[in-house]
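Q: Protein chains in written order, with my numbering: chain A, 1 to 198; chain B, 199 to 508. Built from N, CA and C at the ideal position, the CB exists for glycine as well. This is the structure, below, for whatever I ask next.
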Amino acid sequence: MSGATPIFVTIMNKGRVILDQERFSLTIDRLCQQLIETYDNFEDTCIVGIQPRGVWLSDRIYTRLQHILGHASFLYGKLDITFYRDDFRMRAKPLKASVTDMEFLVDDKNVILVDDVLYSGRTVQAALTALNHYGRARQVKLLVLVDRRFNRHLPIQADYKGITVDALDDAYVKVEWADSNQADRVLLFANKQEAEQG
Amino acid sequence: MSSIQQLSVSHLLGIKPLTAEDIQLIFETADEFKEVINRPIKKVPSLRDLTIANLFFENSTRTRISFELAEKRLSADVLNFSSSSSSVTKGETLLDTVNNILSMKVDMIVMRHPAPGAPHFLSHHINANIINAGDGTHEHPTQALLDAYSIREQLGDLAGKKVAIFGDILHSRVALSNIYCLNKLGAEVTVCGPPTLMPKYVQSLGVKVSHQVRDTLEWCDVANVLRIQLERQDLKYFPSLREYAQYYGINRTLLDSLGKQILIMHPGPINRGVEITSDIADSSHSIILQQVENGVAIRMAVLYLLAAKR
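Written as structure tokens, this is what we have:
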């Protein structure tokens with residue numbers, strides 16, 4: 001389903017842009033068109049963004065879909081998975097929960113789960129557990145902007161993906177949004193510390 | 199917004215050792231747990247690998263049920279113990295009782311005890327996280343947290359809010375914990391009750407003291423009404439309950455004559471007709487049942503944040 005060519009990276013000294021503003025916008029459009037191809041007018045279908053970073057993407061997808069379809073008659077929720085994580089108490093710091101905003105049950109619905117980066121798959125596993133508490137979905141699909149396909153810890157794959165990145169375990173992918181940063185873009189760093197230094 | 203990610207303490211022995219940031223973090227976490235307990239499936243798996251013992255050496259309905267529910271909603275294994283049906287009556291010491299329970303691989307202890315300082319004593323001798331569910335006349339931290347949380351829910355930020363605590367201040371652990379908590383959050387506090395039920399030097403905690411119910415009600419935004427703790431009173435502090443109700447009880451006529459809205463709170467159990475009349479306890483002024491609901495969310499937040507410190 002992905003239309004993008006994988007990006008291979010071996011040596012990096014500083015962050016470099018792997019998806020610039022122009023291609024970013026094209027990628028979002030492509031993802032929306034792929035969803036429309038499958039779900040037509042989104043009857044019995046809902047979009048659920050994973051808090052906090054998946055919601056940046058799901059907000060964008062939701063707005064774009066409304067624009068393309070010319071209506072807003074489909075369900076959109078935001079799901080926080082902090083309390084469902086399997087690494088609670090193994091991390092240096094406990095995670096503070098974000099807001100969950102799910103005003104509906106997912107019984108017999110198609111759910112499109114949205115996150116920004118798919119890495120180990122543990123966030124998605126926690127999201128599936130959390131989603132289960134809102135009923136029995138007919139079908140759950142996963143949409144991500146960045147798929148780091150060689151870094152998985154669990155047998156979880158994305159159904160819709162923006163770009164695929166093949167990088168070392170230490171490498172860090174950062175998604176920036178125009179709403180809070182200068183532009184929409186995806187950057188790749190050698191490690192997390194480098195990303196935090198900017 | 200709290201700027202910290204975890205609590206500064208490993209036990210919840212009282213409000214006194216907490217920082218204002220700790221309290222904000224507990225509130226923000228409780229907001230999310232309140233959403234959880236209003237879902238069709240009211241359970242999250244966060245504490246599924248932990249066992250928690252509820253040790254109640256003193257009677258309790260609300261607090262024990264509320265803790266037990268909070269633990270179950272977090273998927274912990276729960277062990278309930280009450281002293282009346284245990285070997286404590288055969289003369290076992292507190293430390294021996296707790297060590298025996300801990301050797302069965304218990305991770306956290308929730309304890310209510312008639313002796314002030316009992317949880318502090320335990321915290322120096324055992325490895326588990328301890329949550330004080332009331333120690334004698336000393337502190338009852340989760341009650342104060344849920345009281346402040348309920349005020350925040352109704353009136354917003356507590357800074358500058360005027361809160362009056364009525365009743366048996368001398369014997370009340372709820373009063374002391376509330377004073378610490380409200381002070382840390384920037385609220386103004388007045389305690390009001392008969393002089394005999396007012397601890398000496400209570401002003402040194404940064405509160406005003408009043409003996410006039412009407413004046414205090416005119417001043418405050420929130421009235422937290424406490425029960426007369428007859429079980430802790432070893433001598434007569436006032437002539438009769440009837441006289442207490444007449445001078446210090448809160449009733450409809452008194453509230454109606456003020457011409458303003460006051461939030462009425464009570465930690466329970468209520469002695470209807472003594473500190474508060476039934477029509478006030480059941481009126482729209484009262485948030486007594488919301489306090490009980492918030493109690494579960496607050497206790498979930500405390501258990502969750504302390505478990506993260508293990």
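If you compare alpha carbons, which of Ile61/A, Arg53/A, Phe42/A is closest to Leu26/A?
A: Per the Cα distances, Ile61/A.
Q: In the segment 89-135 of chain A, which residue ranges form an unbroken beta strand (DSSP E) of at least 3 residues, counting only runs that do not cross its ends?
A: Those beta strand (DSSP E) runs which fall completely within the segment 89-135 of chain A and span 3+ residues are 110-118.
Q: Buried or exposed: which applies to Lys192/A, given that a residue is buried once 16 or more other Cβ atoms fall within 10 Å of its Cβ?
A: Exposed: under 16 other Cβ atoms inside 10 Å.
Q: Could you spell out the range, first to last residue, of the alpha helix (DSSP H) harbouring His336/B?
A: That residue, His336/B, is in no alpha helix (DSSP H); it is neither H nor E in DSSP.
Q: Can you look up Phe436/B in the DSSP assignment and give me helix, strand or coil?
A: It is coil, neither helix nor strand.
Q: Assuming Val420/B and Ile349/B form a contact by the criterion Cβ under 8 Å, report the distance between their Cβ atoms to the nearest whole angstrom.
A: Indeed they touch by this definition, with Cβ atoms about 6 Å apart.
Q: Thinking just about the alpha-carbon of each residue, which of Asp275/B, Gly289/B, Ala274/B is nearest to the one in Ser281/B?
A: Out of Asp275/B, Gly289/B, Ala274/B, Gly289/B has the C-alpha closest to the C-alpha of Ser281/B.
Q: Have a look at Thr227/B and Leu210/B and give me their C-alpha separation to the nearest angstrom.
A: The alpha-carbon atoms of Thr227/B and Leu210/B are separated by roughly 16 Å.
Q: Taking 8 Å as the CB-CB cut-off, is Asp88/A touching chain B?
A: Per the sequence shown, residue 88/A should be read as Phe rather than Asp. True, the Cβ-Cβ gap to chain B drops below 8 Å.
Q: At which residues does the alpha helix (DSSP H) containing Val494/B begin and terminate?
A: Start and end: 486-505.
Q: Can you check whether the CB of Tyr134/A is closer than 8 Å to the CB of Val99/A?
A: It is not a contact, given that the beta carbons lie outside the stated cut-off.
Q: Give a yes or no on contact between the segment 495-506 of chain B and the segment 215-229 of chain B, applying the rule of three or more CB pairs nearer than 8 Å.
A: Counting Cβ pairs under 8 Å, three or more are found: they touch.
Q: Kindly indicate which three-state DSSP category Gln139/A falls into: helix, strand or coil?
A: Reduced to three states, the DSSP call for Gln139/A is strand.
Q: Across which residues does DSSP place Tyr160/A in a beta bridge pair?
A: In the DSSP output, where bridge partners are listed per residue, Tyr160/A has Leu143/A.
Q: Can you check the segment 270-340 of chain B for any alpha helix (DSSP H) of at least 4 residues that lies completely inside it and give the ranges in chain order?
A: DSSP runs (the alpha helix (DSSP H)) wholly in the segment 270-340 of chain B: 292-300, 316-321.
Q: For Leu95/A, which residues from the same chain have a beta carbon less than 6 Å from its beta carbon, with the 5 sequence-adjacent residues on both sides left out?
A: Excluding positions up to five away in sequence, the list reads Thr82.
Q: Excluding the five sequence neighbours on either side, which residues of its own chain have a C-beta within less than 7 Å of the C-beta of Ala130/A, listed in chain order?
A: Within the same chain, Ala130/A has close Cβ partners Leu79, Ile81, Tyr84.
Q: Compare the C-beta of Ala137/A against all C-beta atoms of chain B and say whether one is closer than 8 Å.
A: Cβ-Cβ to chain B under 8 Å: no for Ala137/A.
Q: Beta-carbon of Ala190/A versus every beta-carbon of chain B: anything under 8 Å?
A: By this cut-off, Ala190/A is not an interface position.
Q: Leaving out the 5 sequence neighbours to the left and right, which residues in its chain are closer than 6 Å to Ser476/B when beta-carbon positions are compared?
A: Result list for Ser476/B: Arg470, in chain order.
Q: Which of the three DSSP states, helix, strand or coil, is assigned to Met1/A?
A: With a pLDDT of 45 at Met1/A, under the threshold of 50, the modelled position of that residue is not reliable, and no figure is offered here.
Q: DSSP three-state label for Lys406/B, please.
A: Reduced to three states, the DSSP call for Lys406/B is strand.
Q: Considering just the uninterrupted stretch of the beta strand (DSSP E) at Val372/B, what are its terminal residues?
A: Unbroken run through Val372/B is the alpha helix (DSSP H), 371-382; no beta strand (DSSP E).
Q: Given 8 Å as the limit, is there contact between the segment 422-440 of chain B and the segment 364-371 of chain B, that is, 3 or more CB pairs closer than that?
A: Yes, they touch.
Q: Count the CB pairs spanning the segment 109-129 of chain A and the segment 44-58 of chain A that are closer than 8 Å, and state whether there are at least three.
A: Yes, the segment 109-129 of chain A is in contact with the segment 44-58 of chain A.
Q: Which residues share a DSSP beta bridge with Arg470/B?
A: The partner list for Arg470/B (beta bridge, DSSP) reads Ile474/B.
Q: Could you compute how far the alpha carbon of Arg16/A sits from the alpha carbon of Thr388/B?
A: If I take the Cα positions, the gap works out to 60 Å.
Q: Between which two residues does the beta strand (DSSP E) holding Lys78/A run?
A: Unbroken beta strand (DSSP E) run through Lys78/A: 75-79.
Q: Taking the alpha-carbon of Asp86/A as reference, which of Leu128/A, Asn110/A, Val186/A has the nearest alpha-carbon?
A: Cα-wise, what sits closest to Asp86/A is Leu128/A.
Q: Measure the alpha-carbon distance for Gly162/A versus Ile36/A and round it to whole angstroms.
A: Taking the straight line joining both Cα atoms gives about 15 Å.
Q: Shortest alpha-carbon distance to Glu233/B belongs to which of Leu504/B, Lys507/B, Val494/B, Ile468/B?
A: The shortest Cα separation from Glu233/B among Leu504/B, Lys507/B, Val494/B, Ile468/B belongs to Val494/B.
Q: Leu188/A to Ala126/A, Cα distance in whole Å?
A: The alpha-carbon atoms of Leu188/A and Ala126/A are separated by roughly 25 Å.
Q: So the alpha helix (DSSP H) Tyr39/A belongs to, where does it begin and stop?
A: Element bounds for Tyr39/A: 21-39.
Q: What are the boundary residues of the beta strand (DSSP E) that Ile511/B is part of?
A: Coverage of chain B is limited to positions 199 through 508, which leaves residue 511/B absent and any answer about it impossible.
Q: Whose C-beta lies closer than 6 Å to the C-beta of Ile328/B among residues of the same chain, with five residues either side of it excluded?
A: So the list reads His209, Ile307, Pro317, Leu320, Ser321, once near-sequence residues are dropped.
Q: If we cut at 8 Å on Cβ distances, does Val234/B have a partner in chain A?
A: Chain A contact via Cβ: present.
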